[in-house]
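Undergrad: What the sequence shown shows, in the numbering used here, is residues 4 to 371, in sequence order.
Right, I'll just put the structure down here and ask away after.
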Amino acid sequence: MIIGIPKEVKADENRVAITPAGVVTLRDRGHTVMVETGAGLGSGIEDTKYRASGARVVKSAAELWARSEMVLKVKEPRPSEYRHLRPGLLLFTFLHLAAERSLARELVRRRVTALGYETIQLEDHVLPLLAPMSEVAGRMAVLAGAWCLHAAMGGCGMLLSGATGVKPAKVVIIGAGIAGANSCQAAAGMGADVTIVDRDPARLRYVHDILGSRVATLMSNRAAIEQELKDAQLVIGAVLIPGARAPRLISEQMLTSMQRGSVLVDLSIDQGGIAESSRPTTHHRPTYVHRGVVHYCVANMPAAMPHTATYALTNATLPYVLEIAERGVLEAGARNPAIRRGLNTFEGHVVHPAVAEALRTHPYSPWD
Ligand SMILES: NC(=O)c1ccc[n+]([C@@H]2O[C@H](COP(=O)([O-])OP(=O)(O)OC[C@H]3O[C@@H](n4cnc5c(N)ncnc54)[C@H](O)[C@@H]3O)[C@@H](O)[C@H]2O)c1
Numbered sequence: 004m005i006i007g008i009p010k011e012v013k014a015d016e017n018r019v020a021i022t023p024a025g026v027v028t029l030r031d032r033g034h035t036v037m038v039e040t041g042a043g044l045g046s047g048i049e050d051t052k053y054r055a056s057g058a059r060v061v062k063s064a065a066e067l068w069a070r071s072e073m074v075l076k077v078k079e080p081r082p083s084e085y086r087h088l089r090p091g092l093l094l095f096t097f098l099h100l101a102a103e104r105s106l107a108r109e110l111v112r113r114r115v116t117a118l119g120y121e122t123i124q125l126e127d128h129v130l131p132l133l134a135p136m137s138e139v140a141g142r143m144a145v146l147a148g149a150w151c152l153h154a155a156m157g158g159c160g161m162l163l164s165g166a167t168g169v170k171p172a173k174v175v176i177i178g179a180g181i182a183g184a185n186s187c188q189a190a191a192g193m194g195a196d197v198t199i200v201d202r203d204p205a206r207l208r209y210v211h212d213i214l215g216s217r218v219a220t221l222m223s224n225r226a227a228i229e230q231e232l233k234d235a236q237l238v239i240g241a242v243l244i245p246g247a248r249a250p251r252l253i254s255e256q257m258l259t260s261m262q263r264g265s266v267l268v269d270l271s272i273d274q275g276g277i278a279e280s281s282r283p284t285t286h287h288r289p290t291y292v293h294r295g296v297v298h299y300c301v302a303n304m305p306a307a308m309p310h311t312a313t314y315a316l317t318n319a320t321l322p323y324v325l326e327i328a329e330r331g332v333l334e335a336g337a338r339n340p341a342i343r344r345g346l347n348t349f350e351g352h353v354v355h356p357a358v359a360e361a362l363r364t365h366p367y368s369p370w371d
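Here's what the structure looks like:
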């Protein structure tokens, strides 16, 4: 198969969808790999390294998209890239279509077969390609939140750990999956007073097993969240229903009950956000203040740590890339249910039930 890796165009996106070691693996299996010039620079990988591993480095994005059978990316195509989408193209990347209606429309209209990293799902519900990024973003969320608590950022000026004779800050984490559990470990490690909320008791038990009584676990419901928000200094949103829009768990009214200078880091912004007040921000302008609460809603947080994130992501994606390249998407999807669940659009149809329900613009068509 001819596999193309374009340079990412999303604001401040420094990750790249393949490493030189990945190129060697694909080449060893007889595939052709094209990389757009400069694609790896943000992650410290120069064109010469890709060339040395056997990739063809091409100058023009248009040529790369036109000649590739499968395009591997990190972030969803941006509007400037829609013109490259064409019938028969296989696209493998983070898509987050529930929050990207115009992209969904283009993928269907242009009959692209698109697999979302975030909906590749194993039998035990684990999301193996989202997990490495959630691990990175979950840890970063606590650092970002601690920074937003600075008085100069509009925060209330509380150090997460407190100090001798002074109480630590209260951190409330909503969602105890991969991102939430990693935030929990980081916040507890910094000495904050941590409460983590989930609707799945198994996830709360997992957090309790690894962190014990250092953190409080709480079953998710509206009353519990409302109560916890009132005295929290840092709230981290980390819920996910795969493929679907994030549930709105923080209403405008709940926000008004929060302390002035408290902080909301909404990791779930890539699926639309958990607060009515959440809207996407960028690494260049990461925050805004609404009703006295500092909002940090960057949808591609790991992009700020491209070295760690590129290697963590591509370690996870490569086995799936190989399987799809070797068998083709039809056979790979038929044999591997995780790949089948990754399919969002197929030849002009929306083939993921949760994505179809979130979009409400195209009916769900079972892939088979
Ligand atoms: N902003 C970024 O840069 C960035 C990076 C990585 C991941 N993310 C996002 O972070 C979110 C979490 O990802 P993850 O990998 O941890 O997902 P996950 O599936 O591992 O965990 C999600 C958790 O949310 C819980 N949940 C669902 N509905 C809930 C509710 N109503 N109340 C409480 N808990 C609820 C689930 O039970 C689950 O434990 C996703 O939206 C993901 O896309 C964002």
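Backbone N, C-alpha and C fix where the C-beta goes; we use that ideal spot for every residue, glycine too.
1) Cβ of residue 203 within 7 Å of any heavy atom in ligand 1?
2) In the DSSP assignment, find the beta strand (DSSP E) that holds residue 93 and state where it starts and stops.
3) Could you tell me the alpha carbon to alpha carbon distance between residue 318 and residue 327, rounded to whole angstroms?
4) Looking at the secondary structure, which residues open and close the beta strand (DSSP E) in which residue 7 lies?
5) Would you say the beta carbon of residue 119 comes nearer than 7 Å to a heavy atom of ligand 1?
6) Would you call the segment 171-181 and the segment 238-257 touching, i.e. three or more CB-CB distances under 8 Å?
7) Bridge partners of residue 219, per DSSP?
8) Where does residue 176 sit, in a helix, a strand or coil, going by DSSP?
9) How is the beta strand (DSSP E) around residue 119 delimited, first residue to last?
10) Suppose the cutoff is 8 Å on Cβ atoms and the five residues either side in sequence are ignored; what does the same chain contact list for residue 219 look like?
11) Under 8 Å between the Cβ atoms of residue 193 and residue 238?
12) Would you list the residues sitting across from residue 291 in a DSSP beta bridge?
13) Name the DSSP beta bridge partners of residue 122, please?
14) By a C-beta neighbour count over all protein chains shown, 10 Å radius and 16 as the cutoff for buried, is residue 373 buried or exposed?
15) Using only the heavy atoms of ligand 1, determine whether one of them is closer than 7 Å to the beta carbon of residue 180.
16) Between which two residues does the alpha helix (DSSP H) containing residue 269 stretch?
17) Report the residue from 128, 266, 364 whose alpha carbon sits nearest the alpha carbon of residue 112.
18) For residue 321 and residue 73, I'd like the C-alpha separation in whole angstroms.
19) Measure the beta-carbon distance from residue 10 to residue 58 and round it to whole angstroms, keeping in mind my assumption that it falls under 8 Å.
20) Nearest-angstrom Cα distance between residue 90 and residue 68?
21) Given a threshold of 16 other Cβ atoms within 10 Å of its Cβ, counted over all protein chains shown, does residue 233 qualify as buried or as exposed?
22) Quick one: what's got a C-beta closer than 8 Å to residue 293's C-beta in the same chain, skipping five residues either side?
23) List the endpoints of the continuous beta strand (DSSP E) containing residue 59.
24) With a threshold of 7 Å (Cβ to nearest heavy atom), would residue 17 be considered close to ligand 1?
25) Per the DSSP calculation, residue 99 is bridged to which residue(s)?
26) Residue 29: which of 348, 130, 56 sits nearest, CA to CA?
TA: Quick look at the numbers:
1) Correct: residue 203 has its Cβ closer than 7 Å to ligand 1.
2) 93-96
3) Here the alpha carbons of residue 327 and residue 318 stand approximately 16 Å from one another.
4) 5-8
5) Because no heavy atom of ligand 1 lies under 7 Å away, the Cβ of residue 119 does not count as near it: no.
6) Cβ pair count under 8 Å is three or more, so yes.
7) 198
8) Looking at residue 176 - three-state DSSP - the assignment turns out to be strand.
9) 116-119
10) 197, 198, 199
11) no
12) 298
13) Answer is none; residue 122 lacks a bridge partner.
14) With the chain covering 4 to 371 only, the question about residue 373 has no answer from this structure.
15) yes
16) Secondary structure note for residue 269: it is in no alpha helix (DSSP H), and the uninterrupted beta strand (DSSP E) holding it is 266-269.
17) If we check each option's Cα against that of residue 112, 364 comes out closest.
18) Between residue 321 and residue 73, the alpha-carbon positions lie close to 13 Å from each other.
19) 13 Å between Cβ atoms; not a contact.
20) A direct Cα-to-Cα measurement between residue 90 and residue 68 gives close to 12 Å.
21) exposed
22) 258, 280
23) 59-61
24) Residue 17 Cβ: outside cutoff for every heavy atom of ligand 1.
25) BP columns for residue 99 are empty, so no partner.
26) 56
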